[in-house]
Each structure stands twice: as C-alpha cells, then as structure tokens.
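Residue numbers (this note's numbering), protein chains in the order written: chain A, 15 to 306; chain B, 15 to 306.
The following block contains the structure:
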C-alpha cells in the first residue's frame, strides 16, 4: 500500500492511494502510525484496498497531502553511502564502525506541499535526498534478523541543512533543526510493495539537473542493521523516522553547487517510493510571525 | 509559583505547590505548558494561589509528581561553564563563540519519581546537573533584551549520558538519547519567584558527596543569550526545554569518579529551585519489555 495523511474536512486523516485515486482509511485507525502499529487494522485496510473499485473513488488531489506521519523522533544518519573508489581498492576500507546519528526536532517536519523558508541571514542552505524508514512496531533491542519486522514502510526525507551553522559547533543541531528543515512524503510505501530496501535508486533533481544518483546498495549500514543498532540504545516507536543518510552529490554537481535560495525547487525521487518536491522561499514568505 | 504536573485520578493535571500543600490548577489549563502560554490563565492561577488557605489543601505527596512538562523538544548545551582559572588569566579567554547545542529525544523524558535504567551493556553512564529553562511563550527571532519574557520558568534536568556511545561518533545522539536519560523536575519555578537566573548555585550530590558546586554566574552564555540565540535558528514553543549545560565535577570528584551503576542515586540541587533525585536501576528492573 501507499499510505497518506491528507487534510480532511475535520482534520488529518489516513488514506491509501489506489492507482490515481484516494481511499479514506479513517475507519481503520486515526493516523498512519496508528494503522502501522495495529496488525489487525492494517490487514483490514489492505483488504479494503483490494476490494475497492477505483472508479468509485475520488481522484487523488496531491495538494491535500500532509506529512504522512508526525514522528515522535526523527533520527538521521550522517554518513552512510560509500563514494566511488578506484578499481582494486576495497570499497569498505574506510567504513566507520558505527553510524553517526543526529536528531532533527519536531519543528523541522514539513509536508510535501509546504514551502521551506530559508532562515533570515542563512547563506549556505543545502539539500540531502534520503530514504526515510517509518517505524511500524515498537523496536527495543531487536535482533538483526528481526529488525525489518519493525519497519512500517518507507518514504522520502529531504534533510535540509544550514551548513554554516553546522560548521560552527561540534554538534550539528543548529544546522539541522530550523523550522521546516525536514520535508517528508509524499506517502509511506509498505515493505511488501517496496521490495528490497537495499536496491533503490536515490536521485535528486535541482533546476532540472540530476545532482545525486546512487543506489542504496552502496550504503555502509543496511536498513536492518540501522534499526537493530538504534534499538539497542533507545526505543523506536510507531511513526518514528529513521533517515538513512544521503549519497554524495555527483562530481559535476559538486563543481557548480550553490546554496539554496528563494525560488529554488528540489526534487528527491526514489525508485519504488516516488518523488518529493520542495520549494524554497524567503523567510518572510513562509508565514513566520514576528516575535511579540 | 512552583508549578507541578501530578497524577490525578483521571490523568495528569497541573497544580501549584503552596507551602507543603498542593493546589490543583486543572480549572485554569490542561497542562503546565498550557498555563505558561496563556497569560490570563496564569494570572488567574496566581490569584488562586494567593487566595488559597493552605490548611484546607491536601499535603503534597511528592510521589504523585510527574515530569512538570512534556516538551516538544529538549535542547541542551554541551559546554557552558567556565572552569577555574589562575589569578591573572582572563576567564573568558577560551570562551567559544557559539553555544554547542544537541538534542535529547522525547523517549529520554523521566519524571522525578521514575528510576532510570542503565542500558544493557552500558559501561560508562554519567550524570550532569543542569538548570533547565522552560519556554513559556513562543520564541522566534527574539531580541536579547526581550528573551527572558519568553521564559515560563526553571526546573532541573539531569543530562544522563552514556559516555562510551558519546565517544564513538562525531555526533552525541546515541550517548544522550537512551530511554529515561532526561529526568526532569520536580517543579517549574516561575521567574518572579526565582530571581536572577545567573545567580544560582548548582550542586550535585552522589553517594552523600558533593561532586559539583558552581554558580550560574560562571556560565559563558546567559539564559537570555541562549534563548535569543536559539530563536534566531528555530522556533521555541511553550513547554520546550532548554538545558543550560553542566558545571565540571570538582577535582576531588573527578579523581574518584566511577560510572553510574544500579543502586546509585544522584541528587541535583539548585538554589531557588529545589532538588531532583534520580535512582538508577538495571535495565531489566525498569519495566522495559522484550521485543516481540
């Protein structure tokens, strides 16, 4: 299934995308995270999707899509893709022993239709296209071989970063946690529909140019390993996001890279999931309030 | 006022400590954060406290106290107290230009009566006693001179850390974010009652020995500066916690320091606020569930 959260008349509701149509799933659970955490409700929703007649459903209006989940925590990996290595060199030679993990705070969450404000004064804002794992079942000290059982699905996260702030301290929080710096969506693809999470092509398109293109087969730490690993240290809850790191920009893109500016649009597209386009605006355009 | 969240018969409720008594404030707001964010409700609660007859109120049973707020985000400072410097040396000579900021995730929150589990296999768990600022009013790009207007009050946070995990990566998240690693409480003291936040004595008592004792007058970044600074980068919301860093352990305590172990108790006491005692237990004692 492709699970969405959409703006209903009386608030956010879970739904499924069936072809180009939208099937409401509010009768099965109050939220996508609630659905993923409840095996019986999830099975019933799957049956409803299978039994649905798309021609009787409303056409999906993507403008009503919200962030597919509201995560209690967003954990991100700092470095997880191997770069290109010359022939004869062991590609794993420089692998770190452990993933480098940081946190994005709840104020960073943005839906697939929300523009992201370049913070006032920020001069070096950048994008990172990432496969985001959505936790389905609570994960606490799970074995490696059981880890994928705790995955509810996969979506796309753009790990927007203010590189200037990121460089100013040892810890990256102020570079990673500006409001709206975690666009998420457009939907959660369940594992049965996605297939192998280590065989996805992650691409980023900026201004019509592909700047990132790399397979998740080149990650250092697999989704299963990351869930296993994190769950030894803390408890992952349904709806939590674990974002699996970004590939490096392609060399040609690195050569001409410039910071994001108002008016830019960045599309992250991942095979088997879909694409997430984020537009960037000036800080006064994004509805921020002056402090009282 | 000293504001608490306590376990009522039908769920958590806000209250005020009046002498040794408890005054319920559930009629004014649903939560302490809600009360702090609503100037009219806060004034009405203050009037109710002033008008109350302590002899008619129930004696405060501290065992019913919960974490005083449930923060959307917990932002912590990594290094904010100057150490001892010899006479003739400028104490500000080594001050960093910016605070080093990291995040503790929501699973770290623990109330003043909750024991904290030493995670299975953890060998180097440590404590840090800190003044925690509770945001009262939304703060977005606030001027330095207005910053304290956004503070709802002050409480105590023990920034529990797994030093081994903290050392294993560049980012500290896995060392800072184990379940229960942010005991908070016992109450929120409002600014009018506290006085100057840069004139508080922060002490930690472990096994009957004072291991930390330093005034907030020796911080590098004041509360006002930290709120101002953070609010340039992200929006602080009512109930958010900004923890202001820990003083170094006293030299004698550093010499004999050993990692926390099950059975240990650590008390953080801060003049004008109170004290927060946290007991540490083995991971199987803290009600953690095996993964399914």
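Where a beta carbon is used, it is the ideal one built from N, C-alpha and C, also for glycine.
Taking a beta-carbon distance threshold of 9 Å, residue 251 of chain B counts as an interface residue toward chain A. Under the DSSP definition of a beta bridge, residue 283 of chain B partners with B:217 and B:289. For a cut-off of 8 Å, the C-beta gap from residue 203 of chain B to residue 167 of chain B is around 5 Å, short enough to register as a contact. Residue 186 of chain A carries a coil assignment under DSSP once its states are collapsed to helix, strand and coil.
Between residue 239 of chain A and residue 123 of chain A, the C-beta gap is not smaller than 9 Å, which leaves the two residues out of contact. Against residue 121 of chain B, the close residues of chain A are 86, 87, 248, 249 and 251, in the order they occur along the chain (beta-carbon pairs closer than 8 Å).
Within the segment 172-192 of chain A, contact with chain B at the beta-carbon level (separation under 8 Å) is assigned to 176, 179, 182, 183, 184, 185, 186, 187, 188, 191 and 192. Under the DSSP definition of a beta bridge, residue 152 of chain A lacks any partner.
About 25 Å separates the Cβ atoms of residue 149 of chain B and residue 76 of chain B, ruling out a contact at the 8 Å cut-off. When secondary structure is reduced to three states using DSSP, residue 26 of chain B falls in the strand class. Annotation note: the segment 153-183 of chain A contains the following uninterrupted alpha helix (DSSP H) runs of length 4 or greater, listed N- to C-terminal: 177-182. Residue 146 of chain A has its alpha-carbon roughly 22 Å from the corresponding atom of residue 190 of chain B. Per the C-alpha coordinates, the member of A:254, A:50, A:39 and A:175 positioned closest to residue 130 of chain A is A:175. Cα atoms of residue 163 of chain A and residue 47 of chain A: separation of roughly 15 Å, rounded to the nearest angstrom. Residue 90 of chain B is bridged by DSSP to B:116 and B:257.
Residue pairing from DSSP places residue 132 of chain B in a beta bridge opposite B:296.
Rounded to whole angstroms, residue 35 of chain A and residue 29 of chain A show a C-alpha spacing of 10 Å. Per the coordinates, the alpha-carbon of residue 216 of chain A lies some 15 Å from the alpha-carbon of residue 93 of chain A. In this structure, the CA atom of residue 257 of chain A is about 18 Å from the CA atom of residue 192 of chain B. Counted as a single uninterrupted DSSP element, the alpha helix (DSSP H) harbouring residue 47 of chain B occupies residues 46-51.
Out of A:151, A:208, A:195 and A:231, the CA that lies nearest to the CA of residue 245 of chain A is found in A:151. For residue 244 of chain B, the nearest CB of chain A lies under 9 Å from its own CB, placing it at the interface with that chain. Non-local C-beta neighbours of residue 161 of chain B in its own chain, meaning closer than 6 Å and more than five positions away in sequence, comprise 238, 241 and 242, ordered along the chain. Here residue 268 of chain A is exposed, its C-beta having fewer than 16 other C-beta atoms within 10 Å.
Contact with chain B is absent for residue 102 of chain A, since none of that chain's Cβ atoms lies less than 9 Å from the residue's Cβ.
Sequence-distant Cβ neighbours of residue 295 of chain B in its own chain, meaning closer than 8 Å and more than five residues away, are 129, 130, 131, 132, 276 and 277. DSSP places residue 244 of chain A within a helical segment (H, G or I) once states are collapsed to three. At least one CB atom of chain A sits nearer than 9 Å to the CB of residue 116 of chain B. Straight-line spacing of the CA atoms in residue 62 of chain A and residue 49 of chain A works out to 13 Å.
As DSSP reads the structure, residue 227 of chain A sits in a beta bridge with A:217. In terms of beta-carbon proximity, residue 76 of chain B stays away from the interface with chain A, with every pair separated by 9 Å or more. A residue is called buried when at least 16 other Cβ atoms come within 10 angstroms of its Cβ; residue 283 of chain B meets this threshold and is buried. Counting along the chain, residue 205 of chain A sits inside the alpha helix (DSSP H) bounded by residues 205-208. Per DSSP, the continuous alpha helix (DSSP H) segment holding residue 269 of chain A begins and ends at 265-269. Residue-level contact check: residue 112 of chain A touches chain B, since one or more beta carbons of chain B fall below 9 Å from its beta carbon. Among the bridge pairs identified by DSSP, residue 140 of chain B is matched with B:175.
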